[in-house]
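*Asks:* I have a structure I would like to understand better, so I am pasting it below and will then ask my questions one at a time.
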Amino acid sequence: MKITIFGTGYVGLVTGACLADVGHDVLCMDVDDNKIDRLKNGQIPIYEPGLESVVTHNVEAGRLQFSTDAEAAVQHGILQFIAVGTPPDEDGSADLQYVTAVAKTIGQYMTDYKVIIDKSTVPVGTGDKVVSATRAALDHRGLDLQFDVVSNPEFLKEGAAVNDFMKPDRIVVGTESERAQELLREVYYPFNRNHDRMIYMDRRSAELTKYAANAMLATKISFMNEVANLAERLGADIESVRRGIGSDPRIGYHFIYPGCGYGGSCFPKDVTALSRTARDCGYESRLLNAVEAVNGAQKHVLFDKVSHYFQGDLEGKTIAVWGLAFKPNTDDMREASARTLMELLWKAGARVQAFDPEAMNETQRLYPDQESLQLCGTKEQALKGADALVICTEWKEFRSPDFASIKAALREPVIFDGRNLYEPDMLTRYGLTYYAIGRGRNQFQSLAH
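Each residue of the sequence shown is one higher than the last, beginning at 14 in the numbering used here.
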């Protein structure tokens, strides 16, 4: 099938590449000339495991193309996927200007029936706005062409997006049009060979499904962080608690890992947007507000631990930071806990020596003039002469380090672990002082005193 993707960001590029990989003829359109030029030259603008090879293979096979020509893009496919950004507006609501701009563009250039598919994460009711924008552009041309608007939200995890797309656990399609349903069934047929993953519903329900999924996962994380903070004050070990509750199949082990707060492009933005949507329709979402508040506070926990350890005097201290991306297997630093930590450290007069396997260039882009930041080529270099080590991201290469070398490199043998990578007893045997999230041993009391 001929398919057009508007937007070559995280969602658009993964969607386009994976659809091309099963044989569809895909044209990805973007208004960013530089990005399209880079893609044409084989340069992938984001880090996502496995994506580069899929893009390269399908470009070489002629199934995946990139263009800045909007008219050609509209003419290319009967299916028009909208996968542009929906950044948070000043009031926390999703900014839909790019979504509606694409809808207008489709209306300006379409000459026959199209299925317009919202792949971007959008508030409930956005499909109606896409219909209005497309219809207004057609009316301006004096045309009465038929089209359908479908909500088809993505459920991709950064760091595992290609696998998530190729082996989806569900494919949500929001439309009451049988014609559109049939076309979407054909598009996704290659992903349904094992069993039917298609879930059909009305458009508004599909839009809410995406927000509800992310809000639920964010709620689980904030709940565990709340219990972890309580565990510290009670002298309990949150890792034992996690295993104890995770063994209950009604709860399960997924998304109950405590840490230094969630980040990324989805959870923070989507929880805020859903809360804003609730207010707009006269409902106060107290639970969502609490999820946000807990997460905001959790991003300060690592700094608070470091500050307590050094008795509030961080002036002139050098802190090694392992992990800058908001999660492993990505270079995405949007809303990353490491950013909150570093900015608080700088404000307190400390220097930072940081390492991340993939997010170094992004860190340099975000903090080009920060004199108190030194980006190091290896995790070992980040330790040299540092007063303490703080871990913000659970990259695999951080899981089994040389603890004797860590102790030798640090001025103070202390680790603050925001992801609970290590066993406290093991680090004690190495002569390291270890502070994690909710790991018992009365850590809260020892820091407080």
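Glycine included, every Cβ here is placed at the ideal spot set by N, Cα and C.
(1) With respect to the alpha helix (DSSP H) encompassing residue 56, which residues constitute its N-terminal and C-terminal limits?
(2) Closest to residue 435 by C-alpha separation, out of 345, 251, 44, would be which residue?
(3) By the DSSP assignment, the alpha helix (DSSP H) with residue 41 in it spans what residues?
(4) Can you give the beta carbon distance from residue 61 to residue 174, rounded, assuming they're within the 8 Å contact cut?
(5) Looking at the unbroken alpha helix (DSSP H) that takes in residue 467, where does it start and where does it end?
(6) Taking 8 Å as the limit between beta carbons, can you name the residues of its chain near residue 441, skipping five residues before and five after?
(7) To the nearest angstrom, how far is it from the Cα of residue 370 to the Cα of residue 296?
(8) List the whole-angstrom C-beta distance separating residue 19 from residue 97, where the pair is believed to meet the contact cut-off of C-beta under 8 Å.
(9) In terms of alpha-carbon separation, which member of 105, 414, 151, 401 lies closest to residue 321?
(10) Among the residues of its own chain, which have a CB less than 8 Å from the CB of residue 392, if the five just before and after it don't count?
(11) At a cut-off of 7 Å, would you count residue 353 as near the ligand GTP, judging by its Cβ distance to the nearest heavy atom?
(12) Quick check on residue 126: buried or exposed, where buried means 16 or more other Cβ atoms within 10 Å of its Cβ?
(13) When the Cα atoms are used, what is the spatial distance from residue 222 to residue 21?
(14) When you compare each of 121, 199, 287, 395 to residue 226 by their alpha carbons, which one comes out closest?
(15) Where DSSP assigns a beta bridge to residue 224, which residues make up the other side?
(16) Under three-state DSSP, which class holds residue 107?
(17) Classify residue 438 as helix, strand or coil using the three-state DSSP reduction.
(18) Mark residue 294 as exposed unless 16 or more other C-beta atoms lie within 10 angstroms of its C-beta, in which case mark it buried.
(19) How should residue 439 be labelled, buried or exposed, when 16 other C-beta atoms within 10 angstroms of its C-beta is the threshold for buried?
(20) When DSSP labels each residue in this structure, what does residue 213 get in the three-state scheme?
(21) With residue 187 as the anchor, note down where its beta strand (DSSP E) starts and where it stops.
(22) Note the first and the last residue of the continuous alpha helix (DSSP H) segment covering residue 290.
(23) Please name the residue, chosen from 281, 443, 213, that lies closest to residue 107 on a Cα-to-Cα basis.
(24) If I measure Cβ to Cβ from residue 200 and keep anything under 8 Å in the same chain, skipping five residues before and after, which residues do I get?
(25) I want to know whether the segment 185-195 touches the segment 209-223 - three or more CB-CB distances under 8 Å.
(26) Does the segment 270-279 come close enough to the segment 231-248 that 3 or more CB-CB pairs lie under 8 Å?
(27) Taking 7 Å as the limit between beta carbons, can you name the residues of its chain near residue 46, skipping five residues before and five after?
(28) Does residue 264 pass the burial test, meaning 16 or more other C-beta atoms within 10 Å, or should it be called exposed?
*Replies:* Reading it off the structure:
(1) That residue, residue 56, is in no alpha helix (DSSP H); it is neither H nor E in DSSP.
(2) 251
(3) First-last for residue 41: 38-42, but that is the beta strand (DSSP E), not the alpha helix (DSSP H).
(4) 5 Å
(5) Residue 467 lies beyond the residue range present for the chain, which begins at 14 and ends at 462; the question has no answer from this structure.
(6) 447
(7) 43 Å
(8) 6 Å
(9) 401
(10) 335, 368, 410, 411, 414
(11) Among the components modelled here there is no ligand, and therefore nothing to report on the ligand GTP.
(12) exposed
(13) 24 Å
(14) 287
(15) Residue 224 is not bridged to any residue.
(16) strand
(17) helix
(18) exposed
(19) exposed
(20) strand
(21) 184-187
(22) 280-293
(23) 281
(24) 14, 16, 32, 37, 92
(25) yes
(26) yes
(27) 81
(28) exposed
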